[in-house]
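Note sheet for the following structure.
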Amino acid sequence: MAKKGKKYLEAAKLIDRTKAYSVVEAVELAKKANFSKFDATVEVAFRLGVDPKKADQQIRGAVVLPNGTGKTQRVLVFAKGEKAKEAEAAGADFVGDADYINKIQQGWFDFDVIVATPDMMGEVGKLGRVLGPKGLMPNPKTGTVTFDVTKAVNEIKAGKVEYRVDKAGNIHAPIGKVSFEDAKLVENFTTIYETLQKVKPAAAKGTYMKNISVTTTMGPGVKVDASTFNAK
């Protein structure tokens, strides 16, 4: 294991590792324990009681955070004709078709999210090998393959985050920045928590929310006691 720095160890002293905190306390502590000079991202990590190897226990989707993420996403839209005009009007950063496919093939990645109209997916699919490993491939489950490009662009710009369970049953998602008010981070956290409760697979057995923690980019994790608030 990598040796932890002095600042990290100092920050870790603020947190009782044996305790699970209320969401409000966890957010407060994670911010206090943040020692980076920049406006760090606050993240939440869920360890879920699911078996991602089974198709009926895979969890993937997207949710718009009420207070955004504090980061402006650069959106590339693959569309033609009227849909391309719509995407431009909605505020997409880049709009095109074959020209952008060529640019990506040559190593261009100055964007954060791709939206594609369904009729473009045959072409976009050719980029699977480069986009797949980076998690950039558009997907109907996350609302990024759609003819409603206006809605897709607006939601991404408003603070939409994608979530996906990894092989170990974990989901990581940003809930804002250290500079956010605590209440806004708590509200964003609650939105993700409630979304994951709603998408709980029927096949999942035993404890669903096994472990929840809040952390900042470089700071130590703070364990959250899920029973401190009830999902609506």
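Counting in the UniProt record's numbering, the sequence shown runs from 1 upward without gaps.
Backbone N, C-alpha and C define an ideal beta-carbon position, used for all residues, glycine too.
With respect to the C-alpha of residue 93, the residue from 110, 80 and 141 having the closest C-alpha is 110. DSSP places residue 63 within a strand segment (E or B) once states are collapsed to three. In this structure, the straight-line span from the alpha carbon of residue 78 to that of residue 134 is close to 18 Å. Excluding the 5 residues flanking it on each side, residue 209 has same chain C-beta neighbours closer than 6 Å at 226, in chain order.
Within 10 angstroms of the beta-carbon of residue 97 lie 16 or more other beta-carbons, which makes it buried. In the three-state DSSP reduction, residue 10 falls in the helix class (H, G or I).
Per DSSP, residue 154 is one residue of the alpha helix (DSSP H) stretching across 149–159. When the alpha-carbon of residue 103 is set against those of 89, 214 and 127, the nearest one is in 127. Note: residue 223 is bridge-paired with 213 in the DSSP secondary-structure output.
Remark: three or more beta-carbon pairs, one from each stretch, lie closer than 8 Å, so the stretch 199–217 and the stretch 31–40 are flagged as touching. Non-local C-beta neighbours of residue 224 in its own chain, meaning closer than 7 Å and more than five positions away in sequence, comprise 20, 21, 23, 26, 212, 213 and 214, ordered along the chain. Around the beta carbon of residue 11, 16 or more other beta carbons sit within 10 angstroms, so the residue counts as buried.
Annotation: residue 199 to residue 95 spans about 32 Å, alpha carbon to alpha carbon. Under a 10 Å Cβ-count criterion, residue 41 is classified as buried, with 16 or more other Cβ atoms of the shown protein chains found around its own Cβ.
Annotation: residue 66 to residue 148 spans about 21 Å, alpha carbon to alpha carbon. One thing to note: residue 154 has its Cβ no nearer than 8 Å to the Cβ of residue 62.
Residue 52 and residue 194 have their C-alpha atoms some 20 Å from each other.
Apart from the 5 residues on each side of it in sequence, residue 187 sits with its Cβ closer than 7 Å to the Cβ of 66 and 67 in its chain, given in chain order.
With respect to the 8 Å criterion, residue 44 and residue 202 are not classified as neighbours on the basis of their beta carbons. Between residue 70 and residue 143 the beta-carbon gap is near 21 Å, outside 8 Å, which marks them as no contact.
Going by DSSP, residue 47 is part of the beta strand (DSSP E) stretching over 41–48. Taking the CA atoms as reference points, residue 30 sits about 6 Å from residue 222.
In the structure shown, residue 193 adopts helical secondary structure according to DSSP, grouped into three states. Scanning its chain for C-beta atoms nearer than 7 Å, with the 5 sequence neighbours on each side dropped, one finds around residue 145 the residues 116, 118, 121, 138 and 139, in chain order.
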